[in-house]
Structures are given as C-alpha cells and as structure tokens.
Amino acid sequence: MSADTDGLTPEQRRARGVAKMGEVYGWEMSDGPGAHFAVTADHLFADIWSRPELSVRDRRLLLLGALTAQGHLDVTEIQVSAALRNGELTEEQLREIAIFLCHYTGWAAGTKLDSVVGKVVANEKKAAEKKAAEKKSAEK
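Residue 38 in my numbering sits at position 55 of the sequence shown, and the numbers go up by one each step.
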C-alpha cells in the first residue's frame, strides 16, 4: 500500500491513520498538528500498521522486542499499557516476554522490561481500585 496506489485522498489517509492509532493504543485519538504527526498518522499508522499480514498483537510483540533491545523504556511503557488495555497480552505473558528477551537483548534490558511491566500493572491496579472506590462513594 502506498499513497500512489491505494486511491485514498489525504483526508481519508489521515482518518485511517488516526483510527488505527486509536485501535493500537486503546483510546480515542484526534488529529494533530505538524509534520511529525502527519508522518506518524499518514504513513506509520495508515500504511504500515494497517497492512493485513500481521495483527496489531503481532506488531506489538515485535515492537516490544525492538524497544527493549534499544532501551526505550518510555515508549515501552506505552506499549505495555496498550497491550494490557486492549487485552492483547496478559501480565504473565508480558513477564514471559521479558524473560525471553533477557536472552536475546541482554539481561539488563529484559530486566528493565520486567520492571516496566510491574510498574504498569501496579498503576493499572491502583487506577482500577480508585475507580471502584469512586463508584462506591457515588452510590452512597
């Protein structure tokens, strides 16, 4: 798929990219300004993430490996959170990925991924507990 052969207008390409971003990250996305957002939405998500040969989960697994190998923990945290939110991977699967990657990306990198998983899971549990408490308080 390319801009030259798929027949999409620039507006359709942007809409497809923004929709795919929302699917990948599990929250509603809106259009953004600037050239960086344009390349991200119009190419990375409208073209690359939208290709049918790999699922979002498949791409997420590959991305987790690449990010772990490169030490990009900030982006890794976003991906781990999205994988949990979208039901693509469980905490146990993410921890197993960390063990597996220790052997291919280095022990320190895999251990950092495991730490990110722990942090994200703890944050998710804390947010769920807070939401439950707020709901209970509102019912009184």
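Just so it is clear, CB atoms sit at the ideal spot from N, CA and C, and this is done for glycine as well.
Beta-carbon proximity of residue i to residue j, cut-off 7 Å
i, j, result
"residue 96", "residue 111", "no"
"residue 9", "residue 68", "yes"
"residue 25", "residue 42", "no"
"residue 1", "residue 12", "yes"
"residue 77", "residue 58", "no"
Residue i, buried or exposed, once every other Cβ within 10 Å from all chains shown has been counted against 16
i, result
"residue 51", "buried"
"residue 88", "buried"
"residue 3", "buried"
Endpoints, alpha helix (DSSP H) assigned at residue i
i, result
"residue 59", "56 to 68"
"residue 51", "39 to 53"
"residue 18", "17 to 22"
"residue 10", "Where residue 10 is concerned, there is no enclosing alpha helix (DSSP H), given that its DSSP letter is neither H nor E."
"residue 83", "74 to 88"
Given residue i as reference, the closest of the options once Cα atoms are compared
i, options, result
"residue 48", "4, -8 and 94", "94"
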